[in-house]
Each structure stands twice: as C-alpha cells, then as structure tokens.
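Enquirer: I have a structure here, written as structure tokens, and I will follow up with some questions on it.
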Amino acid sequence: MKKVSILVLVMIFITLGACKEAAEKEPVVEEVETETVDAPDYAAFDSKVATIRAFTAAHGAEDMEQLSALMADTLKYSPAEYNGNQWVGKAELLEGLKNYHKDFDNIKFTEGITLADTLGGGMWSGSVYPEATASISPDAIRVYGTWTATHTATKKEIGVKWFGLFWMNEAGKIAMYTAYFDVNGIVAQVAK
C-alpha cells in the first residue's frame, strides 16, 4: 500500500510539474499580413454632387451665367444626339442649353432612378465590378433622373429620363460631361 501511495504521489508531482511547464511557455502569436484599403472619399463625392446639383438647378432656372461659371473653359461635352461620338466644347453645350431654354419653360429635374414603388438614389460613383477596374474613387459621377418641362409654343408637358456622366477638374468645375437621353422622344411628345 505504501508503494501505491508513493506511486500516486509521484504521478501527481509529475502531472503538476507538466502543467506548470506548459503554463510558463509563451504563447505563439502568428503575424498576419493585412492589406491597407483606402476609404472612399465621401467629401470629394459630396463636393462633386453639389456642383452637379447646382448645374441642374441653374438649367432649371435658365441661368446661363451660373451654368457657364460651373463649367471649365476647356470642358469636353458628348451630346445625347449621335454626332459620330465627337466631343464638343463649352460653347456648344451653352448654345444647346440656350436653345432649350428658348423652347421650354418650367424646366425641372427630379433626381433619382424611377423604381416600381419608389425613387432610388440619383448620384453614384465608384464601382467594384469588373474587378480589373474596381475603384472607390469618385472621379466620375453617374447621375440618373427625369427632366420635365413645358414646350413654349404648344404648352405641352414633356418628360425624359436622363443619364449623365460628370467629371470635375481640380478647381471643382465640370471638365467633362456626357449626356444620354431620347432626343427624338422629346420631339415626339411635342408633335402629339
């Protein structure tokens, strides 16, 4: 019995010693490399959106002076009507807006994508697709909305869904602008 008691005590000491040794070892910490991802520049996006909203408001107010002030002198514009995909300048855009103001009153822009039961956001930038060109940069602002107006001569109400792409220069002015809408749809609405 004495031998069994001694054997049990020896095993207890060995077990306690092993536990103490394991507790004293320092834990192994693996270093994991993490990739630093830049955060979206919301302030730059908001600043560009403010310029675009000022542009749509100035167009609605038929304020040619304000429209001109929002554009860079070197502005490049791709109009909605097909012209062989040729870019034109600030003077051509201002002339087109001036003619529109002559032919239409009550010009109004409703920002947003028309959905079945609501109006979705109208200002977007950045993209995660495709992966090869994914970007969080607000370089190009995509704008969706609907323009409505009253034709001056016929007093007919017209409307057109519109999509625009805007790029700003470092001074915060519109440097490039591409418009997409159904030009002939406006003509058809006036002709009815």
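Residue numbers (my numbering): 13 to 204.
Cβ atoms here follow ideal geometry from the backbone N, Cα and C, with glycine treated the same way.
(1) Is residue 102 buried or exposed, if buried means 16 or more other CB atoms sit within 10 Å of its CB?
(2) Out of curiosity, what's the CA-to-CA distance linking residue 151 and residue 109?
(3) Taking the alpha carbon of residue 177 as the point to measure from, which residue in 168, 187, 132 has its own alpha carbon closest?
(4) Checking the sheet assignment: what are the DSSP bridge partners for residue 139?
(5) Considering only the beta carbon of each residue, do residue 189 and residue 175 sit closer than 9 Å?
(6) How should residue 12 be labelled, buried or exposed, when 16 other C-beta atoms within 10 angstroms of its C-beta is the threshold for buried?
(7) Going by C-alpha to C-alpha distance, which of 145, 70, 201 sits closest to residue 167?
(8) According to the neighbour-count rule (16 or more other Cβ atoms, all chains shown, within 10 Å of its Cβ), is residue 137 buried or exposed?
(9) Would you mind reading off the limits of the alpha helix (DSSP H) that contains residue 250?
(10) Over what stretch of residues does the beta strand (DSSP E) that includes residue 161 continue unbroken?
Expert: Looking at the coordinates:
(1) buried
(2) 25 Å
(3) 187
(4) 147
(5) no
(6) The structure shown does not extend to residue 12, since the chain is modelled only from 13 to 204, so the question has no answer here.
(7) Of the listed residues, the one whose Cα sits closest to residue 167 is 201.
(8) buried
(9) Outside the displayed span of the chain (13 to 204) sits residue 250, for which this structure offers no information.
(10) 152-163
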